[in-house]
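Protein chains: 2
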Amino acid sequence: MPELRQDPLSGRWVIIATGRAKRPEAFAPAARPAPSPEHDATCCFCPGQEATTPPEVLAYRAPGAAPDSPGWQVRVVPNKFAAFDGATDRQPAMLQGLEQRRPAFGAAEVIVGTPRHDRTLALASDAELAQMIHAHQERYRELAARPGVAYVMLFRNQGAWAGASQRHPHSQIMALPVVPAAVATELDRAAAHHGMHGSCLMCQVIARERAHGARVLADDGRFVLFTPYASRTPFELMIAPIGHQADLGHLSPEDEAGLGRQLGLAMRMLDRALGDPPHNFYLHAAPCGADDAGRWSESYHWHLSILPRLTTPAAFELGSGILINITVPEAAAAFLREYRTEPV
Amino acid sequence: MPELRQDPLSGRWVIIATGRAKRPEAFAPAARPAPSPEHDATCCFCPGQEATTPPEVLAYRAPGAAPDSPGWQVRVVPNKFAAFDGATDRQPAMLQGLEQRRPAFGAAEVIVGTPRHDRTLALASDAELAQMIHAHQERYRELAARPGVAYVMLFRNQGAWAGASQRHPHSQIMALPVVPAAVATELDRAAAHHGMHGSCLMCQVIARERAHGARVLADDGRFVLFTPYASRTPFELMIAPIGHQADLGHLSPEDEAGLGRQLGLAMRMLDRALGDPPHNFYLHAAPCGADDAGRWSESYHWHLSILPRLTTPAAFELGSGILINITVPEAAAAFLREYRTEPV
Numbered sequence: 152m153p154e155l156r157q158d159p160l161s162g163r164w165v166i167i168a169t170g171r172a173k174r175p176e177a178f179a180p181a182a183r184p185a186p187s188p189e190h191d192a193t194c195c196f197c198p199g200q201e202a203t204t205p206p207e208v209l210a211y212r213a214p215g216a217a218p219d220s221p222g223w224q225v226r227v228v229p230n231k232f233a234a235f236d237g238a239t240d241r242q243p244a245m246l247q248g249l250e251q252r253r254p255a256f257g258a259a260e261v262i263v264g265t266p267r268h269d270r271t272l273a274l275a276s277d278a279e280l281a282q283m284i285h286a287h288q289e290r291y292r293e294l295a296a297r298p299g300v301a302y303v304m305l306f307r308n309q310g311a312w313a314g315a316s317q318r319h320p321h322s323q324i325m326a327l328p329v330v331p332a333a334v335a336t337e338l339d340r341a342a343a344h345h346g347m348h349g350s351c352l353m354c355q356v357i358a359r360e361r362a363h364g365a366r367v368l369a370d371d372g373r374f375v376l377f378t379p380y381a382s383r384t385p386f387e388l389m390i391a392p393i394g395h396q397a398d399l400g401h402l403s404p405e406d407e408a409g410l411g412r413q414l415g416l417a418m419r420m421l422d423r424a425l426g427d428p429p430h431n432f433y434l435h436a437a438p439c440g441a442d443d444a445g446r447w448s449e450s451y452h453w454h455l456s457i458l459p460r461l462t463t464p465a466a467f468e469l470g471s472g473i474l475i476n477i478t479v480p481e482a483a484a485a486f487l488r489e490y491r492t493e494p495v
Numbered sequence: 152m153p154e155l156r157q158d159p160l161s162g163r164w165v166i167i168a169t170g171r172a173k174r175p176e177a178f179a180p181a182a183r184p185a186p187s188p189e190h191d192a193t194c195c196f197c198p199g200q201e202a203t204t205p206p207e208v209l210a211y212r213a214p215g216a217a218p219d220s221p222g223w224q225v226r227v228v229p230n231k232f233a234a235f236d237g238a239t240d241r242q243p244a245m246l247q248g249l250e251q252r253r254p255a256f257g258a259a260e261v262i263v264g265t266p267r268h269d270r271t272l273a274l275a276s277d278a279e280l281a282q283m284i285h286a287h288q289e290r291y292r293e294l295a296a297r298p299g300v301a302y303v304m305l306f307r308n309q310g311a312w313a314g315a316s317q318r319h320p321h322s323q324i325m326a327l328p329v330v331p332a333a334v335a336t337e338l339d340r341a342a343a344h345h346g347m348h349g350s351c352l353m354c355q356v357i358a359r360e361r362a363h364g365a366r367v368l369a370d371d372g373r374f375v376l377f378t379p380y381a382s383r384t385p386f387e388l389m390i391a392p393i394g395h396q397a398d399l400g401h402l403s404p405e406d407e408a409g410l411g412r413q414l415g416l417a418m419r420m421l422d423r424a425l426g427d428p429p430h431n432f433y434l435h436a437a438p439c440g441a442d443d444a445g446r447w448s449e450s451y452h453w454h455l456s457i458l459p460r461l462t463t464p465a466a467f468e469l470g471s472g473i474l475i476n477i478t479v480p481e482a483a484a485a486f487l488r489e490y491r492t493e494p495v
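Those sequence lines, one after another, are chains L and R. Each residue of the first sequence is one higher than the one before, starting from 152 at the first, in the numbering used here. Each residue of the second sequence is one higher than the one before, starting from 152 at the first, in the numbering used here.
Written as structure tokens, this is what we have:
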């Protein structure tokens, strides 16, 4: 019988549709997609085409090397096609009766974490991953400290089916004037839990996952990787720090290395099991606005969600807000574990 | 400059990304998809294959003709691949600490509104559309009256990209044990508006759209068809009755004909302008459960949302709950109006 499961963090209900369930191996692709070339002379993120992007705001390159030229390992540039304008003033909402609008100011940047066009996260070394995480954290801290910024959102798309417009591996970071609704819902639930139980909801979820074990894919004592209880999609994954951390601003070098390792592990399992599937990931952390400083430090706990895009939400999901997952999360975890070749 | 717009019904914020805006004509397809054949002997919804579905629960056919055999104009069958089981008892949620679950019981049916495999809504006659709407209402009333049913959801997917697993045109109807979150949010906002202003929020939205006019595509005095102020996708459309109606249980024959006409008009505009795009539609109406009888009759007002699937939500949208629409709704309306050839 199908069952409805509720995600403890968001309150979201998901139908785990066992009646129409696909066995996890049914998602294994007939053939892997053709690999990208190592370098693409038409790609705006490949070395040699630095002039096609706005000037870099951060780069890791040999000391003394010229900016906006080849030789970098990580490069961060403003997003030319930003949905948000770069204006820095917080402007009041313009109220016009039923038509509420406000300028969409903020900042949007692209983090190109590798000069290689073909270097997906699944192929990156642990050292490359740690360096990439460090760049994410550097930009996160800088944007979070800007006046008027309420929230900094980190996310990544890979594959056209997952909405990526550029094939070269990259992440994105956006500074927003508002706390997004999806985060606000989790903040409210976490605060309510903390008020009632005096503990962090995510800490409890993590303790439950580690004790239960059926959905855990890796646990190194610092980070845990698992398929969430109410996974929205087949093979949804979550990575969270085991020790309580509200936001991304306080990662130690060991945290950066540990997060990089778990991210690489997750991506290699998806890559081997499902043939480099299109996917999205995003990070949910406590807001950074001055109004919110410290407000969520005890109740909220950051986590990274990875969503392979193997199915298509249709009218039922769009109209109801209830998602249908055709794979049981425990079975997805068991399947992926078969593709974990590294010790953890 | 891009702007954030808030949908008055749901409270959802949408970024209207004028900076990366596509002109509406950029969505016009290079070539139309190949048309379907009139009949497909491998299709479970085509006449002659009635035995491949569960027995029909409703059909419009010549008097005296045998059930589950050819000759029907509309045929409704249980969904073989239902996400919801057919059990009729309302069972309590099973509480297990962080793992909240409940059986996903309910009913799911497929409304095959035409015997012709190639007869999309854009190609259907007004008489066929009215008959199809009548069948939808008949099933809606029957399912809404069942014990334990809190909500009846009507929806439709066309095209593989929009999640349709069958090419033969069809709608779906589901009876749910809970009011879906997306509807509950709108109910709360509508009730708050009614409490504060003594009027229906949707009635006000409709009055504003009709007076403003820039987003209206058709208005026959009974139904209005428009691109919503905070459209989520390029060419999102909404159809609503101008007179206040809380749910779908009270359509007169004139309403059925009028709704069918506007739906056909909407689909023909999309078809001509955008080459039969993949799309979803769903209907939001007041809940039908015994606990809710009459509770929403003054504050809630049903409406049909049509969402062409021309863009792909990516990690930013999934993680933030904020959608990005790369076409301005007023421009989308102006573009579609050029493809309206019928008098309205």
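Don't be surprised by glycine CBs; every beta carbon is placed ideally from N, CA and C. For clarity, every value in this text was computed on a predicted model and none was experimentally measured.
### Query
Would a check of beta-carbon distances place L/Phe306 closer than 8 Å to chain R?
As a first step, residue 306 of chain L is located in the first sequence; it is residue number 155 there, counting from the start. Answer yes: the Cβ-Cβ gap between L/Phe306 and chain R drops below 8 Å somewhere.
### Message
Contact defined as beta carbons within less than 8 Å: I believe L/Ile357 pairs with L/Ile393. What is the distance between those atoms, to the nearest angstrom?
### Response
In the first sequence, counting from the first residue as 1, residue 357 of chain L sits at position 206. In the first sequence, counting from the first residue as 1, residue 393 of chain L sits at position 242. The beta-carbon separation of L/Ile357 and L/Ile393, rounded to 6 Å, stays under the 8 Å limit for a contact.
### Task
Let me know the secondary structure DSSP gives L/His435 once reduced to three states.
The sequence position of residue 435 of chain L within the first sequence is 284, counting from 1. In the structure shown, L/His435 sits in a strand (DSSP, three-state: E or B).
#### Entry: Three-state secondary structure assigned by DSSP to R/Asp398
Residue 398 of chain R sits at position 247 when you count from the first residue of the second sequence. Assignment of R/Asp398 by DSSP, reduced to helix, strand and coil, places it in the coil class.
### Message
With a threshold of 8 Å between beta carbons, is L/Tyr291 in contact with chain R?
### Response
As a working note, residue 291 of chain L is residue 140 in the first sequence. It does not; no Cβ of chain R falls within 8 Å.
### Query
Hey, quick one: how far does the alpha helix (DSSP H) through R/Val208 stretch, first residue to last?
As a working mapping, residue 208 of chain R is identified with position 57 in the second sequence. No alpha helix (DSSP H) contains R/Val208, which DSSP labels as neither H nor E.
### Message
Can you give me the C-alpha to C-alpha distance between L/Pro205 and L/Met347, rounded to a whole angstrom?
### Response
Stepping through the first sequence from its first residue, residue 205 of chain L is reached at position 54. Stepping through the first sequence from its first residue, residue 347 of chain L is reached at position 196. Their Cα atoms are separated by approximately 49 Å.
### Message
Does the contact criterion of 3 or more C-beta pairs under 8 Å hold for the region 331-347 of chain L versus the region 153-164 of chain L?
### Response
Touching, per the Cβ criterion.
### Cutoff 6 Å; reference R/Asp271; Cβ partners in own chain excluding five residues on either side
The residue given as residue 271 of chain R occupies position 120 in the second sequence. Reading the sequence as shown, one finds Thr at residue 271 of chain R and not Asp. Apart from the 5 residues on each side of it in sequence, R/Thr271 sits with its Cβ closer than 6 Å to the Cβ of Pro320 in its chain, given in chain order.
### Message
Using 8 Å as the threshold, is the C-beta distance between R/Pro459 and R/Leu425 below it?
### Response
Indexing the second sequence from 1 puts residue 459 of chain R at position 308. Indexing the second sequence from 1 puts residue 425 of chain R at position 274. In terms of Cβ geometry, R/Pro459 and R/Leu425 form a close pair [threshold 8 Å].
### Task
Starting from L/Pro392, follow its DSSP beta bridges and name the residues at the other end.
As a first step, residue 392 of chain L is located in the first sequence; it is residue number 241 there, counting from the start. For L/Pro392, which the question treats as bridged, DSSP gives the partners L/Phe374.
#### Entry: Meets three-Cβ-pair contact criterion under 8 Å: the region 406-421 of chain L and the region 278-285 of chain L
Three or more pairs of CB atoms, one per stretch, sit closer than 8 Å, so the region 406-421 of chain L contacts the region 278-285 of chain L.
### Task
Spell out the partners DSSP gives L/Asn476 in its beta bridges.
Taking the first residue of the first sequence as 1, we reach residue 476 of chain L at position 325. For L/Asn476, which the question treats as bridged, DSSP gives the partners L/Ile167.
### Message
So, with DSSP's three-state summary, where would you put L/Arg446?
### Response
Taking the first residue of the first sequence as 1, we reach residue 446 of chain L at position 295. L/Arg446 sits in coil when the DSSP states are folded into three classes, being neither helix nor strand.
### Task
With DSSP as the reference, label R/Trp223 as helix, strand or coil.
Along the second sequence, one-based indexing puts residue 223 of chain R at 72. If DSSP states are grouped into helix, strand and coil, R/Trp223 belongs with the strands.
### Task
May I ask you to list, following chain order, the residues of the region 250-265 of chain R that have a beta carbon less than 7 Å from some beta carbon of chain L?
Listed by position along the chain: Glu250, Gln251, Arg252, Arg253, Pro254 and Ala255.
#### Entry: Contacting residues, own chain, Cβ-Cβ under 8 Å from R/Gly372 (five flanking each side not counted)
Position 221 of the second sequence, counted from the start, is the residue given in the question as residue 372 of chain R. Residues of the same chain with a CB within less than 8 Å of the CB of R/Gly372, apart from the 5 flanking positions on each side, are Ile393 in chain order.
### Message
So the candidates are R/Leu455, R/Met420 and R/His454; which of them puts its Cα closest to the Cα of R/Glu493?
### Response
The residue you call residue 493 of chain R lines up with position 342 of the second sequence. Proximity to R/Glu493 across R/Leu455, R/Met420 and R/His454 peaks at R/Met420, based on C-alpha coordinates.
### Message
Please report whether the beta-carbon of L/Gln157 lies at a distance below 8 Å from any beta-carbon of chain R.
### Response
As a first step, residue 157 of chain L must be located in the first sequence, where it is residue number 6. At a cut-off of 8 Å between C-beta atoms, L/Gln157 counts as an interface residue with respect to chain R.
### Message
Is L/Thr463 close to chain R? Criterion is C-beta to C-beta, closer than 8 Å.
### Response
The residue given as residue 463 of chain L occupies position 312 in the first sequence. Output row for L/Thr463: interface = yes.
### Query
Would a check of beta-carbon distances place L/Ser456 closer than 8 Å to chain R?
Taking the first sequence and counting its residues from 1, one reaches residue 456 of chain L at position 305. Yes, contact with chain R.
### Query
Is the distance from the Cβ of L/Glu405 to the Cβ of L/Ser456 below 8 Å?
Translated into positions along the first sequence, residue 405 of chain L becomes position 254. Translated into positions along the first sequence, residue 456 of chain L becomes position 305. The criterion of a C-beta distance shorter than 8 Å is not satisfied by L/Glu405 and L/Ser456.
### Task
Anything in chain L within Cβ reach of R/Gln355, meaning under 9 Å, just list it in chain order.
In the second sequence, counting from the first residue as 1, residue 355 of chain R sits at position 204. Chain L residues near R/Gln355: Gly248 and Leu249.
### Query
Who are the near neighbours of R/Ala301 in its chain, counting only those whose CB is closer than 8 Å to its CB and skipping five residues on each side?
As a working note, residue 301 of chain R is residue 150 in the second sequence. The residues Leu327, Pro328, Val329, Val330, Pro438, Cys439, Gly440, Asp442 and Asp443, in chain order, have a CB closer than 8 Å to that of R/Ala301 in the same chain once the five nearest residues on each side in sequence are set aside.
### Query
Which of helix, strand or coil does DSSP assign to R/His454?
Position 303 of the second sequence, counted from the start, is the residue given in the question as residue 454 of chain R. Per DSSP, reduced to three states, the secondary structure at R/His454 is strand.
### Message
Rounded to whole angstroms, what is the Cα-Cα separation between L/Arg446 and L/His287?
### Response
Walking along the first sequence from the start, residue 446 of chain L turns up at place 295. Walking along the first sequence from the start, residue 287 of chain L turns up at place 136. When rounded, the distance between both Cα atoms is 23 Å.
### Message
Beta-carbon within less than 7 Å of R/Gln396's beta-carbon, same chain only, minus the 5 sequence neighbours each way: which residues are those?
### Response
Taking the second sequence and counting its residues from 1, one reaches residue 396 of chain R at position 245. The beta carbon of R/Gln396 sits closer than 7 Å to those of His452 and Trp453, all from its chain and outside the five residues before and after it, given in chain order.
### Message
Give me the chain L residues within the contact set of R/Met325, using Cβ-Cβ distance strictly less than 9 Å, ordered along the chain.
### Response
Along the second sequence, read from residue 1 onward, the residue named residue 325 of chain R stands at position 174. Those are Phe467 and Ser471, listed as they occur along chain L.
### Task
Check whether the Cβ atoms of L/Thr462 and L/Ile477 lie closer than 8 Å to each other.
In the first sequence, the residue the question calls residue 462 of chain L occupies position 311. In the first sequence, the residue the question calls residue 477 of chain L occupies position 326. Closer than 8 Å, so yes.
### Query
In chain L, what lies closer than 8 Å to R/Pro331 by C-beta?
In the second sequence, the residue the question calls residue 331 of chain R occupies position 180. Neighbours of R/Pro331 in chain L, taken as residues at a C-beta separation under 8 Å, are given in chain order as Gly470, Ser471, Gly472 and Ile473.
#### Entry: Reduced DSSP category for L/Leu368 - H, G, I as helix; E, B as strand; rest coil
Taking the first residue of the first sequence as 1, we reach residue 368 of chain L at position 217. In the three-state reduction of the DSSP assignment, L/Leu368 falls in the strand class.
### Query
Checking contacts by CB at 8 Å: is L/Trp164 closer than that to chain R?
Here residue 164 of chain L corresponds to residue number 13 of the first sequence, with the count starting at 1. Yes, contact with chain R.
### Task
Tell me L/Arg253's beta-bridge partners as DSSP assigns them.
What you label residue 253 of chain L is simply residue 102 of the first sequence in a count that begins at 1. In DSSP, L/Arg253 forms a bridge with R/Leu155.
### Query
Between L/Gly314 and the rest of its own chain, which residues show a CB-CB distance below 6 Å, the 5 nearest in sequence each way excluded?
On the first sequence, residue 314 of chain L is found 163 positions in, with the first residue counted as 1. Cβ neighbours of L/Gly314 within its own chain (closer than 6 Å, five residues either side excluded): Asn308.
### Message
If you reduce the DSSP assignment to three classes, tell me which class R/His430 lands in.
### Response
For the purposes of this step, residue 430 of chain R is taken as residue 279 along the second sequence, with counting starting at 1. Collapsing the DSSP output to three states places R/His430 in a strand.
### Task
Could you name the residues of the same chain whose beta carbon sits closer than 6 Å to that of R/Phe486, not counting the 5 residues immediately before and after it, in chain order?
For the purposes of this step, residue 486 of chain R is identified with residue 335 of the second sequence, where counting begins at 1. So the qualifying residues of the chain are Pro175.
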